[in-house]
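Residue numbers (this note's numbering), protein chains in the order written: chain G, 1 to 257; chain E, 258 to 502. Everything below concerns the one structure shown next.
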Amino acid sequence: MAGFWKPHRVGMAVVALGLVALAVIYGRWEWLANPKYQMLFVKGIWLSIWLTVVTMCVGMVLAIPIGLAQAVGPWYLAAPARVFCTVIRGTPLLMQIWLLYYGLGSLFPGTWVQKSDLWPILRQAWPYAVVALSLSVAGYEGEVLRGAFKSVPHGQLEAAKAMGIPRFTLFRRIWLPQALQRVLPTIGGETVLQLKSTPLVSTITIMETYAVAGRIRQDTFIIYEPLLLLAVIYMCLTGLIVLLFRWFEAQTPSRTA
Amino acid sequence: MACPPVSQLSAFDLLGLGECGWGDTLLLGFGNSILIALGAYALGFGIGVAGAFGKLYGGPVTKDMAAVYTTLVRAVPELVLILILYYAVPGLLNQALVAMGRETIVLPQFLTGVVVLAFVQGAYQTEVLRGAILAVPHGQIEAARAMGMSPLLVARRVIFPLMTANAVPGLGNLWLNATKDTALLAVIGFAELTKATFQASSTTKAFFVFYPAAMGLYLLISLVSILGFGQIEKWARRGQRDVRG
Chain G
1 MAGFWKPHRV GMAVVALGLV ALAVIYGRWE WLANPKYQML FVKGIWLSIW LTVVTMCVGM
61 VLAIPIGLAQ AVGPWYLAAP ARVFCTVIRG TPLLMQIWLL YYGLGSLFPG TWVQKSDLWP
121 ILRQAWPYAV VALSLSVAGY EGEVLRGAFK SVPHGQLEAA KAMGIPRFTL FRRIWLPQAL
181 QRVLPTIGGE TVLQLKSTPL VSTITIMETY AVAGRIRQDT FIIYEPLLLL AVIYMCLTGL
241 IVLLFRWFEA QTPSRTA
Chain E
258 MACPPVSQLS AFDLLGLGEC GWGDTLLLGF GNSILIALGA YALGFGIGVA GAFGKLYGGP
318 VTKDMAAVYT TLVRAVPELV LILILYYAVP GLLNQALVAM GRETIVLPQF LTGVVVLAFV
378 QGAYQTEVLR GAILAVPHGQ IEAARAMGMS PLLVARRVIF PLMTANAVPG LGNLWLNATK
438 DTALLAVIGF AELTKATFQA SSTTKAFFVF YPAAMGLYLL ISLVSILGFG QIEKWARRGQ
498 RDVRG
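The structure is reproduced here in structure tokens:
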């Protein structure tokens with residue numbers, strides 16, 4: 001740490017602390033004392049984390065067959081997978097979310113779906129958010145995994161075949177783990193991007209962290225302070241994700257040539 | 258001329274130009290999106306070049322300032338940054354104008370959008386360009402310095418030509434991001450393609466006409482850009498040996 005605190009950095013830290021102090025002293029923070037807003041923020045942060053984790057997991061599960069189809073699949077599987085990835089990656093996520101929520105959501109009323117047991121779930125906003133964010137992950141990670149599956153050394157797979165390991169076991173114990181290990185840093189970066197995409201679902205009435213700040217702005221007409229708090233919250237969450245993935249990467253011993 | 262009710266219009270009528278169709282609204286939004294993306298990308302490139310050279314060759318303070326800028330911008334969601342800057346930039350500008358004893362102005366929304374997205378683009382472009390400069394063989398730069406070239410001349414004659422090939426793939430991705438990030442301006446009410454699509458589809462309820470059409474337009478930009486950047490990379494790599502044996 002001694003190398004970090006050079007004289008100019010001490011100066012910059014003092015300036016930064018001064019700015020924080022100015023924001024705290026001269027800003028209007030009285031709304032933070034309101035238990036209603038505290039509760040909203042806690043729920044919102046929890047929802048942001050939940051959305052990031054769930055959609056990353058669902059999306060990765062979807063991305064594995066998509067990546068596999070593109071890497072080694074026959075053309076009739078590879079072509080649709082490629083089209084899916086191109087469409088997801090080539091259009092704005094906001095538009096995908098709105099298409100699902102407003103478009104797909106408008107098809108259901110008046111059909112059998114409205115009478116079915118699924119309706120209480122499908123009339124809410126969160127299923128559409130989860131589906132849209134998961135499909136987005138699937139599109140981006142499918143492309144990442146395509147490269148990852150191809151980059152596993154062929155000798156590994158041949159050796160496993162020579163050992164008589166069944167195809168599914170080979171995939172589960174040799175091919176997939178090695179592919180995932182190679183792209184772990186990339187997936188870490190994509191998780192940060194995914195966290196930064198979650199504010200988009202506030203546009204379809206989901207009260208995650210960003211929407212909470214918007215609500216406070218509407219209630220109290222205070223503009224900057226909730227937004228600054230928002231930026232700090234997202235920076236902390238980003239830091240957590242970076243640390244988590246650093247820990248993940250340390251778990252698998254790797255030899256760097 | 259009165260238009261027939263929406264239910265009697267076909268997809269072609271809805272997407273058509275003129276009184277009954279929404280085609281002109283969509284195309285206007287599309288044009289706005291492209292203009293904002295171009296402006297933000299160009300301005301972001303300027304920030305990126307300055308940031309990359311600052312990070313690599315600047316003094317200790319410049320280096321750390323650039324690091325703070327890129328880290329902060331890349332850690333906070335674009336939507337949050339856009340909102341902060343959307344309120345802060347005109348606010349600060351007007352405070353400065355008042356302090357100088359002039360009258361306040363209303364910034365055109367278009368300009369604010371471009372500046373805000375350029376600020377975000379600049380952080381990412383800094384990182385791409387920094388990586389590309391680092392990939393230039395060090396001997397080339399040293400040789401140029403040994404020839405007595407001034408820093409500007411080294412940058413213009415040696416670093417830029419050699420780094421272009423390394424930077425093009427990353428810059429291409431960022432251009433695609435820039436076109437898609439324009440959609441975020443819909444949230445602050447700017448009439449770009451996503452907002453136009455939203456208005457057209459919520460008025461007519463023809464969601465599955467307008468959204469696929471707009472997505473087709475976005476895809477069109479993406480595909481054309483991918484082809485274009487492929488050509489640029491080919492041009493930038495002219496004379497280089499193909500490493501794939």
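For each residue, glycine too, the CB sits at the ideal point set by N, CA and C.
Between alanine 356 of chain E and chain G, is the shortest Cβ-Cβ distance under 7 Å, so that the two count as touching? no
Straight-line gap, glycine 502 of chain E to glutamine 181 of chain G (C-alpha atoms, nearest Å): Interpretation of glycine 502 of chain E is limited by its pLDDT of 44, a score under 50 that renders its predicted location unreliable; no figure is taken from the coordinates.
Out of G/Ile241, G/Glu208, G/Thr91 and G/Leu122, which one is the CA nearest neighbour of lysine 43 of chain G? G/Glu208
Does the CB of alanine 332 of chain E have a neighbour CB from chain G at under 7 Å? yes
If you draw a straight line from the C-alpha of glycine 288 of chain E to the C-alpha of leucine 184 of chain G, how long is it? 39 Å
Burial state of methionine 39 of chain G, where buried means 16 or more other Cβ atoms lie within 10 Å: exposed
Alanine 440 of chain E beta carbon less than 7 Å from that of threonine 451 of chain E: yes
Chain G partners of serine 459 of chain E, CB-CB under 8 Å? Tyr102
In three-state terms, what does DSSP make of valine 152 of chain G? coil
Return the chain-ordered list of same chain residues with a C-beta closer than 8 Å to the C-beta of proline 74 of chain G, the five sequence neighbours on each side being excluded. none
Candidates E/Met322, E/Glu384 and E/Ile341, of which the one nearest glutamate 225 of chain G by Cα: E/Ile341
List the residues of chain G that serine 479 of chain E touches, going by C-beta distances under 7 Å, in chain order. Gly90
If you run the structure through DSSP and keep just helix, strand and coil, what is proline 262 of chain E? coil
Give me, in chain order, the residues of the same chain whose beta-carbon lies closer than 8 Å to that of leucine 77 of chain G; leave out the 5 immediate sequence neighbours on both sides. Ala69
Would isoleucine 445 of chain E pass as an interface residue toward chain G - the criterion being a Cβ-Cβ separation below 7 Å? no
What does the alpha-carbon distance come out to for the pair alanine 220 of chain G and leucine 336 of chain E? Reading the sequence as shown, one finds threonine at residue 220 of chain G and not alanine. Going from the Cα of threonine 220 of chain G to the Cα of leucine 336 of chain E covers about 21 Å.
Whose C-alpha, out of G/Ser151, G/Leu195 and G/Lys196, is nearest the C-alpha of glycine 67 of chain G? G/Ser151
Using a Cβ-Cβ distance under 7 Å, would alanine 257 of chain G count as near chain E? Low confidence applies here, because alanine 257 of chain G scores a pLDDT of 48, under 50, leaving its location unreliable and the question unanswered by this model.
Sub-7 Å separation of threonine 383 of chain E and alanine 309 of chain E beta-carbons: yes
Given a limit of 9 Å on CB to CB distance, which residues of the stretch 424-456 of chain E reach chain G? Leu433, Thr436, Lys437, Asp438, Thr439, Ala440, Leu441, Ala443, Val444, Leu450, Thr451, Thr454 and Phe455
What does proline 199 of chain G reach in chain E if we use C-beta pairs closer than 7 Å? Pro334, Leu336 and Val337
Residues near tryptophan 112 of chain G by beta carbon distance below 7 Å, same chain, minus five either side: none
Which residues in chain G have a C-beta closer than 9 Å to the C-beta of alanine 345 of chain E? List them in chain order. Ile223, Tyr224 and Leu227
Top-ranked residue by Cα proximity to lysine 36 of chain G, from G/Tyr101, G/Ala213 and G/Glu249: G/Ala213
Assuming contact is defined by CB atoms lying nearer than 7 Å, are glycine 59 of chain G and alanine 125 of chain G in contact in what I supplied? no
Among G/Leu17, G/Gly110, G/Phe41 and G/Ser134, whose alpha-carbon lies nearest the alpha-carbon of glutamate 190 of chain G? G/Ser134
List, in chain order, every chain G residue whose beta-carbon is nearer than 8 Å to that of tyrosine 475 of chain E. Gly90, Thr91, Pro92 and Met95
CA-to-CA distance, valine 131 of chain G to isoleucine 45 of chain G, given in whole angstroms: 20 Å
Taking all protein chains shown into account, do 16 or more other C-beta atoms lie within 10 angstroms of the C-beta of isoleucine 293 of chain E, making it buried, or fewer, making it exposed? buried
At the 7 Å Cβ level, is histidine 8 of chain G part of the contact set with chain E, yes or no? yes
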